[in-house]
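S.K.: Could you have a look at this structure, given as C-alpha cells, before my questions?
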Amino acid sequence: MSVKRIETRKMGSDLAAMDRPGEGPGVQIPTVDRILSAAARLFAARGMAGVGLREITAEAGVNLAAVNYYFGSKEKLLEALFLRRAQPITAERMRLLACCAEGPGRPPMLEQLLEAFLRPAFSLGLEAGVDGATFGRLRARLSVESEELYRRIVAQAFNPSTRAFLDAIDAALPELPRAEVEWRFHFMLGTMIYTMAGSGRIQSITEGQCRPGEVDMALAKLVPFLCAGFRAPVTG
Numbered sequence: 578m579s580v581k582r583i584e585t586r587k588m589g590s591d592l593a594a595m596d597r598p599g600e601g602p603g604v605q606i607p608t609v610d611r612i613l614s615a616a617a618r619l620f621a622a623r624g625m626a627g628v629g630l631r632e633i634t635a636e637a638g639v640n641l642a643a644v645n646y647y648f649g650s651k652e653k654l655l656e657a658l659f660l661r662r663a664q665p666i667t668a669e670r671m672r673l674l675a676c677c678a679e680g681p682g683r684p685p686m687l688e689q690l691l692e693a694f695l696r697p698a699f700s701l702g703l704e705a706g707v708d709g710a711t712f713g714r715l716r717a718r719l720s721v722e723s724e725e726l727y728r729r730i731v732a733q734a735f736n737p738s739t740r741a742f743l744d745a746i747d748a749a750l751p752e753l754p755r756a757e758v759e760w761r762f763h764f765m766l767g768t769m770i771y772t773m774a775g776s777g778r779i780q781s782i783t784e785g786q787c788r789p790g791e792v793d794m795a796l797a798k799l800v801p802f803l804c805a806g807f808r809a810p811v812t813g
C-alpha cells in the first residue's frame, strides 16, 4: 500500500487499512499507532492547546518528520485519532439500530434504542482497556475546549448515526413535540459523555459502590433512568 499524507476525505479508509496486520510495509503500522496513542493520551490529559507536536513525538518515540508525513498538522492528527476510535462505535450503533423492532417478549422500543445508542460508546470507551478509557476522557475534555474544531470533528464522525437515532427516538415518542425530544436527547448526550470521562468522582463519593466503568451495570441503571426522562410529561 502506498502511504500518502492523510487527507480528511479519505482519512477513515487510510487508517482502517493501516490497522490491518500484514498490509503495507511493517514499519508504517506501528509508527502510526504509536503516534495516535501518544497523542490521545496527551490530548486527554492536557487538552489540545496544552500539547505540542514535539511532545507527541517524544511520547511516541518517533521523529517530528513522521508526524508531518502521516498527518501534516496537530489538527489533522486529532481528527485522525478521533475518527479511528469513532468509526467502530458508529458502525456498531447502526448495526444495533437495524435490530431494534417491536415484538412479543422484546423490551419497549425506547429501551431498545437507548441501549443500542449507549452500549457501543460505553463498551468501546470504558471496557476497551487503556485506549478506550483515553478516548472517553479525550471526548469529554474536547467538549469544553477547541470548540470549532471539536464540533467539526464530532459532526463528521457522529452526525449521520446520531441523527438516525434521534429520528428513531422521536418516532418512538409520538406524544412529544420534536423540540422536546431534541432537548432530552441533548441531556442524554451530556450524561453519556460525563460517564465516559471516567473522572472517578462518583467512586470517591460512594466508596466504590457505584462503578460506571462496569458497562452492564452502568447500562442497567442508566437506560431506565433516561427512559423515564424521555417519557416525562412536558412542563412549562
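The sequence shown begins at 578 in the working numbering and counts up by one.
We treat Cβ as the ideally placed atom computed from N, Cα and C, and that holds for glycine.
Keep in mind the model is a prediction, meaning the values are calculated, not measured.
In angstroms, rounded to a whole number, what distance separates the CA positions of K581 and A643?
M.R.: At K581, the pLDDT of 40 sits below 50, so the modelled position is not reliable; the number obtained from the coordinates is stated separately. K581 and A643: Cα-Cα distance of roughly 12 angstroms.
S.K.: Once DSSP output is grouped into helix, strand and coil, what is the label at S650?
M.R.: coil
S.K.: With hydrogens ignored, establish whether the beta-carbon of R618 is closer than 6 angstroms to any heavy atom of the ligand FAD.
M.R.: This structure lacks the ligand FAD, and indeed carries no ligand of any kind.
S.K.: G806 lies in the alpha helix (DSSP H); which residues open and close that run?
M.R.: For G806, the enclosing alpha helix (DSSP H) begins and ends at 792-808.
S.K.: What is the rounded straight-line gap between the Cα of A693 and the Cα of T783?
M.R.: Going from the Cα of A693 to the Cα of T783 covers about 28 angstroms.
S.K.: Give me, in chain order, the residues of the same chain whose beta-carbon lies closer than 7 angstroms to that of C787; leave out the 5 immediate sequence neighbours on both sides.
M.R.: I779, Q780
S.K.: Does DSSP put M686 in a helix, in a strand, or in coil?
M.R.: helix
S.K.: Find out if the Cβ-Cβ distance for the pair I730, F659 is shorter than 7 angstroms.
M.R.: yes
S.K.: In three-state DSSP terms, what is L750?
M.R.: coil
S.K.: Kindly say whether M769, judged by its beta-carbon, lies nearer than 7 angstroms to any beta-carbon of chain D.
M.R.: In the displayed structure, chain D is absent; only one protein chain is listed.
S.K.: Buried or exposed, going by whether 16 or more other CB atoms sit within 10 Å of the CB of C676?
M.R.: exposed
S.K.: Which stretch, first to last residue, makes up the alpha helix (DSSP H) that contains E759?
M.R.: 755-774
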